[in-house]
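To keep things clear, I will list the structure first and then write my remarks on it.
In our numbering, the protein residues as written are 25 to 250.
Following this line, the structure appears as structure tokens:
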């Protein structure tokens with residue numbers, strides 16, 4: 025999952041980033057309102073973890089921006105503010121959850137996973153597509169009830185394909201989703217071809233239907249309507 029953490033407390037920022045990184049997430053950080061606003065305009069995220077009290081602005085205004093430009097993005101407010109009005113205002117503006125500080129990182133992780141399931145997979149723990157069963161929380165894939173071995177990037181790529189099934193996905197969107205800020209360092213995105221090719225090869229070797237299709241000059245589509 026690709027997550028944006030909007031938090032100006034450096035120690036909390038480090039601990040959240042480290043923990044969610046161990047869970048195989050791509051975590052980008054914004055220290056203030058302006059940097060968060062810029063990232064939201066340029067990149068797409070599965071989830072934004074948002075402190076309300078920020079340098080240079082109010083986190084509530086960022087919720088409006090996210091919901092106007094990226095309505096599928098999940099938002100969890102993480103704030104030390106105990107104001108009931110702030111919580112209600114945030115939820116009314118479109119935030120999905122509210123977790124007051126201090127909190128346990130495993131609880132935050134569980135809420136992120138639950139939010140992603142609700143937003144992308146109708147809240148189910150197991151995603152079934154014909155002969156394929158995918159378990160996002162366990163990072164496990166079964167084809168015809170037999171497990172297949174995927175690299176971390178291949179698994180994340182498959183999840184992203186399924187979340188956007190039957191849509192055309194541009195190569196730059198795939199790279200940004202899987203590599204986050206590091207995507208800016210690449211001269212071109214041709215290398216994504218090898219990751220897609222390897223994923224497709226493993227699926228076909230397990231007698232899976234050929235869902236991944238190339239769209240010349242644009243990117244790919246994961247076509248489940250065969």
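Ideal Cβ placement from N, Cα and C applies to all residues, glycine included. Everything numeric in this text was worked out from a predicted model, so none of it was measured.
In DSSP terms, what residue i is bridged to
i: residue 71; result: 27 and 98
i: residue 51; result: 27
i: residue 82; result: 77
i: residue 158; result: 151 and 165
i: residue 238; result: 244
i: residue 93; result: Per DSSP, none; premise fails for residue 93.
Under the three-state DSSP convention, the category residue i falls into
i: residue 150; result: coil
i: residue 184; result: helix
i: residue 115; result: helix
i: residue 132; result: helix
i: residue 174; result: coil
N-terminal and C-terminal residue of the beta strand (DSSP E) that residue i is part of
i: residue 246; result: 243-246
i: residue 123; result: 121-124
CB contact below 9 Å: residue i versus chain C
i: residue 168; result: Absent from the structure is chain C; it holds one protein chain and no more.
Endpoints, the alpha helix (DSSP H) within which residue i is located
i: residue 46; result: 34-46
i: residue 57; result: 57-66
i: residue 200; result: 195-203
i: residue 224; result: 216-229
Contact belief for residue i with residue j at Cβ below 8 Å, rounded distance in angstroms
i: residue 76; j: residue 103; result: 4 Å
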